[in-house]
Structure formats: C-alpha cells, structure tokens
Amino acid sequence: MTVNPATTSVPHWSPEPAPDPGGARRIVLAAGQAGDFALGPDGSVPEVVFAAAVTGDRFVLIGNAAQLARARADLLAAGAIPAEITEVLTGAPDLHAAQPRTVYCPHCHTGSTGSVAIGGAVSCAGCGLELVVYHHYSQRLGAFLGYCADAEER
Ligand SMILES: [Zn+2]
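Just so you know, the sequence shown maps onto residues 1 to 154 in full-length UniProt numbering.
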C-alpha cells in the first residue's frame, strides 16, 4: 500500500527554525547542554521551565524525533498552544526513515521508544507485542500509532 506523505499526520519537522514575527521571548529547550534549558534524555521538559515560563513565551525545541514529540506533548499538556512551539529536528532528514520514535500501543496504552522507520516494527515495552509503526501521529501523546501486524492470527 502506498501512502501519500502529504496527507498523513506525520510531523513535517524542519532542520531550520521557522521565523517568529511576534517578537515574543523565546525559550530554547535542547537535547544536551545547548539552549536555555536541557531536555531530559527522553525529551521531557524539566519542571523548572514551567516555573520560568509566562503567557506568550515561545518555545524552540531542538532534538531528535522522539525528543521533539515528548517535549511538545509536555508543553501542550501544560497549556502551551501549537503556535507557540517551534521544533528543530536533529538527525535523519527523511522523516519516514529510521530514527528514535515513540510508538503508542493501543493494546496496553504504553509508549515504547525505539529507532524505527514508519512501517517498521518495534517491540511494546508494556505487553511485548510486535507493533508496526503506522503513519498516524498524535501530538497530544507525542507518539506514532502502532498496531499488531498479526492480530487476526492470535
Ligand atoms: Zn502493548
């Protein structure tokens, strides 16, 4: 089955930050030591950011796909809106190629992270099922939907 990438919910992350004409304060959250604050290894946003941020701040996230997904989900859960978040992807420029991703298991509701391509497979950390990474991405969960490829044969 061929899927048109332009019609999926796969994020269109860029290696370059988009300009922000609003002139609001930018808080840079980066994997590693660069930036105003360091993201956690899984991309989690440290609590100190929520204490420092005020309404109208903009967030620039720098990291791999899994880190961007987790950081975005944390910011959205804390009340940020998508227009306040800019993401800069490090790593593979092909968004469909193998790279760190979080995959949501609909069977046990667990997120599993692995370096996998869309259409590839990852083992669920919760229930152990082999999940195929689908072209559906949830911004709220920061994860791609996984499905059990041989569910009918079980
Ligand atoms: Zn599972």
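C-beta: ideal position from N, C-alpha, C; glycine also.
Item                                                                                                                                                                : Value
So which of E130, A6, A71 and I27 has the shortest CA-CA distance to Q139?                                                                                          : A71
Spatial neighbours of C127 within its chain, please: CB distance less than 6 Å, with the 5 preceding and 5 following residues excluded, ordered by chain position.  : H107 and C108
Using the three-state DSSP reduction, which class does A52 fall into: helix, strand or coil?                                                                        : helix
Give me the residue from G142, A24 and A125 with the minimum Cα distance to L76.                                                                                    : G142
What residues sit near ligand 1, counting only those whose C-beta is closer than 6 Å to one of its heavy atoms, in chain order?                                     : C105, H107, C108, T110, C124, G126, C127 and L129
Could you have a look at Q33 and say whether DSSP puts it in helix, strand or coil?                                                                                 : coil
Could you check if T102 is buried or exposed, using at least 16 other CB atoms within 10 Å of its CB as the buried criterion?                                       : buried
Just to confirm my understanding: we take Q99, look at its own chain, exclude 5 residues before and 5 after, and list those with CB closer than 7 Å. What are they? : N64, A65, G91, A92 and S115
Mapping the DSSP letters down to three states, classify A149 as helix, strand or coil.                                                                              : coil
Less than 8 Å between the CB atoms is what I'm expecting for V88 and V60, so what's the real figure, rounded?                                                       : 7 Å
Is there a Cβ of chain B sitting closer than 8 Å to that of G79, yes or no?                                                                                         : Of the protein chains in this structure there is only one, and it is not chain B.
Could you check what DSSP says for T113 in three-state terms: helix, strand or coil?                                                                                : strand
Where does Q139 sit, in a helix, a strand or coil, going by DSSP?                                                                                                   : coil
Look up L95 in the DSSP assignment and say whether it is helix, strand or coil.                                                                                     : coil
Is T8 helix, strand or coil when you go by DSSP?                                                                                                                    : coil
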